[in-house]
Amino acid sequence: MDNYHVVIGEPTGYRELQPAPTLQVDPVSGAISQETQPTEVRFRDATGRIRPVAPFLEVWARFDDGDLEPLTTAGLEAVGVTPTDLRWRVVVANLKAARRTGDTEDGIHADTGPFSDHAEHPLTGRAANFKAGKSVSLGTVRFIRPTAEFPEIRMRFVPARGAVFGVRAGDPQISDDVYDPAAGGWDDHFDGDPAAPLVTFPAQTYEGTLDQQGQRYISKGYVDDACDGIVSVELPVGGQVLGAAARICSGVPDFAPDSFHVRTLQDDLVQALLGPTVAGALDRDEVEDTLRRALETVRLMNTMAMNADQGIGGVTTNATNQARHETAEYERAFEPVFGQGEAPYHQALAIHEQLMTSWQKGVLPIPRDLIRSYDEAGDFSTMARQKLPALMRGSDTLELALTRRQIELLRRAAVETQATTEPERMMLRLVEFFRAMAPLHEHIPTTSGPLSDLFVHPLELLEHLRTGNAQGPLAEGEAGQRLVTPGDADASAFVRLLRREDHPMHGPFSRTVPDTDKTGLEIVEAWIAAMPPDGDE
């Protein structure tokens, strides 16, 4: 597959795929022969077969106290070694059958062993339960020969061709009969077998036949040539061995390469790297990327089918959706998430397009609590099922939730961009900072319920402070006084309470709020001071 760039065009349109410079490898020498510029992006060859993605893995290094940079022959020479001193090894596996049967001898493994040459090394997959002499090709790897024009140290992985293998010779669905039914039980496996591990979710994700008598879905013993594994490289230098590793995998083609899902492995890796909280100023590009991916996810969905609408598309009973999973696994009543006919495709798409358009203008107009929290994934109440992202399953057949980092990013965007002034934005940050203390305010009444409930509705909480009076056992001498007197912090009961050293909130509000240079009390005082006095609006 040739390289291409994914370019964003119209705010709510499709991404454009544009040809990009592509390296060509000489099949004999293993060196890069040239860099070409394709004139078009083509995913199929002249015969109509899908072209494989064959990535180059680059080795990067850090010299002294410098930044990481691509390792080249010059870099090797600088430390007194050559490319032949590099030792590569690639280990991959396909454990799909072994995961389901629990028999480790159903696992398909390939190991190149150490090598330093530039020949093509096959990833020959073998399993103990294969027939004698049989194997499955899981692809090839090659240490690219560096040259003066292309001196970078690279490894290339070419995945297998996407073949299926089975048990019986003559089966028109397979490329070869590799599995030995006398050695293993993959060809007789059924999900729910007491001797097998817990089933995958979703279950029955293999080709099989339904046994009507026992109502068991029995495997046909097929295996494919997908795999994942580790590429490692070592370099002895200066009396020590330096090393690096990368992960590779192969699988089915992506038939929507111009679209990206709202939650991907990259999101989880970013959270693992940077943490679940979003520090500093809001990254508008990151918010836009998440919203764009949400739009692209909805664009590829049949929202009516996912909503569990019945009698659509000529199908009387529509049970291929999250609603059905909740019924089968957790005995929740089976019903559409938004009500029958309440999630038409054009409407769902229009809502997400409007969110993108609004964000382009600087505002994310959704309530912060409309975004599902990670700990609400198991809440199957009607309102909870309708939170974002809706209609999709996560792990263990629970509702899909974004990563905690994504959730905070979108909630901050929703809250901070709906504020009209900088002091108000700072107050919203303050509410978010003190959100964990919400339960301590359950005893304070407001016109809409306990004060603790307003911490998930920051704008409503600010409105309560603007218009409410001091109440509760800790109000003492300020009880009944206006919490906020616009333009006059000294006359505001809220400020006077926070200034009292014996008040429980004096300490927390005297500390500097993270990612600001102000204490909580200073933020409150600035917010009140910025309000026009009564009668001046």
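Taking my numbering, the leading residue of the sequence shown gets 2, the next gets one more, and so forth. A virtual CB, placed ideally from N, CA and C, is assigned to each residue, including glycine. In this text, all values refer to a predicted model and were calculated from it rather than measured experimentally.
Enclosing alpha helix (DSSP H) for residue i [first to last residue]
i, result
"residue 350", "346–361"
"residue 331", "323–331"
"residue 509", "507–510"
"residue 465", "459–468"
"residue 521", "521–530"
"residue 393", "Neither: residue 393 is in no alpha helix (DSSP H) and is coded neither H nor E."
"residue 513", "Note, residue 513: premise wrong, no alpha helix (DSSP H); not H, not E."
"residue 496", "494–500"
"residue 383", "383–386"
CA-to-CA distance, residue j to residue i, given in whole angstroms
i, j, result
"residue 257", "residue 514", "44 Å"
"residue 386", "residue 343", "14 Å"
"residue 475", "residue 16", "56 Å"
"residue 341", "residue 382", "16 Å"
"residue 11", "residue 261", "16 Å"
"residue 272", "residue 408", "11 Å"
"residue 126", "residue 229", "12 Å"
"residue 182", "residue 251", "26 Å"
"residue 173", "residue 321", "29 Å"
"residue 40", "residue 26", "19 Å"
"residue 286", "residue 410", "11 Å"
"residue 124", "residue 93", "8 Å"
"residue 216", "residue 207", "16 Å"
"residue 129", "residue 237", "35 Å"
"residue 30", "residue 148", "11 Å"
"residue 439", "residue 96", "47 Å"
"residue 79", "residue 73", "10 Å"
"residue 263", "residue 401", "10 Å"
"residue 82", "residue 432", "58 Å"
"residue 132", "residue 175", "15 Å"
"residue 185", "residue 28", "39 Å"
"residue 318", "residue 198", "31 Å"
"residue 56", "residue 37", "16 Å"
beta-carbon residue i near the ligand MN non-hydrogen atom, thresh 8 Å
i, result
"residue 131", "The model on display carries no ligand, and the ligand MN is accordingly not part of it."
CA nearest to the CA of residue i, picked from the options
i, options, result
"residue 569", "34, 64, 235 and 254", "Coverage of the chain is limited to positions 2 through 538, which leaves residue 569 absent and any answer about it impossible."
"residue 136", "156, 38 and 161", "161"
"residue 346", "352, 330, 304 and 177", "304"
"residue 1", "384, 377 and 419", "The first residue shown for the chain is 2 and the last is 538, placing residue 1 beyond what the model contains."
"residue 35", "146, 467 and 532", "146"
"residue 349", "373, 334 and 392", "392"
"residue 170", "223, 208 and 452", "223"
"residue 22", "33, 394, 311 and 518", "33"
"residue 355", "406, 329, 293 and 301", "293"
"residue 403", "525, 277 and 434", "277"
"residue 323", "308, 312 and 374", "308"
"residue 507", "439, 227, 164 and 523", "523"
"residue 211", "205, 204 and 219", "219"
"residue 467", "366, 284, 450 and 532", "532"
"residue 151", "168, 420, 367 and 71", "71"
"residue 45", "291, 370 and 2", "2"
"residue 234", "67, 365, 118 and 106", "118"
Segment limits, beta strand (DSSP E) that includes residue i
i, result
"residue 237", "228–238"
"residue 431", "Here residue 431 belongs to no beta strand (DSSP E); instead the alpha helix (DSSP H) covers 423–434."
"residue 248", "241–251"
"residue 121", "121–126"
"residue 155", "155–160"
"residue 8", "5–8"
Are at least three pairs of beta-carbons, each pair with one atom in the segment 360–370 and one in the segment 413–425, less than 8 Å apart?
yes
Three or more C-beta pairs under 8 Å: does that hold for the segment 159–174 against the segment 131–151?
yes
Report yes or no: do three or more beta-carbon pairs, one from the segment 106–113 and one from the segment 56–73, lie closer than 8 Å?
no
Every unbroken beta strand (DSSP E) within the segment 190–231, with a cutoff of 3 residues, ordered by chain:
209–212 and 217–220
What alpha helix (DSSP H) runs, 4 residues minimum, are completely inside the segment 16–89?
As far as the segment 16–89 is concerned, its whole alpha helix (DSSP H) runs of at least 4 residues are 74–79.
Taking the runs of the beta strand (DSSP E) that are 3 residues or longer, which of them lie wholly in the segment 396–423?
none
For the segment 269–283 against the segment 182–191, are there 3 or more C-beta pairs whose distance is under 8 Å?
no
At 4 residues or longer, and completely inside the segment 267–316: list those alpha helix (DSSP H) runs for me, N to C.
285–300 and 304–307
What are the start and end residues of each continuous alpha helix (DSSP H) run of 4 or more residues lying completely inside the segment 90–145, in chain order?
97–102
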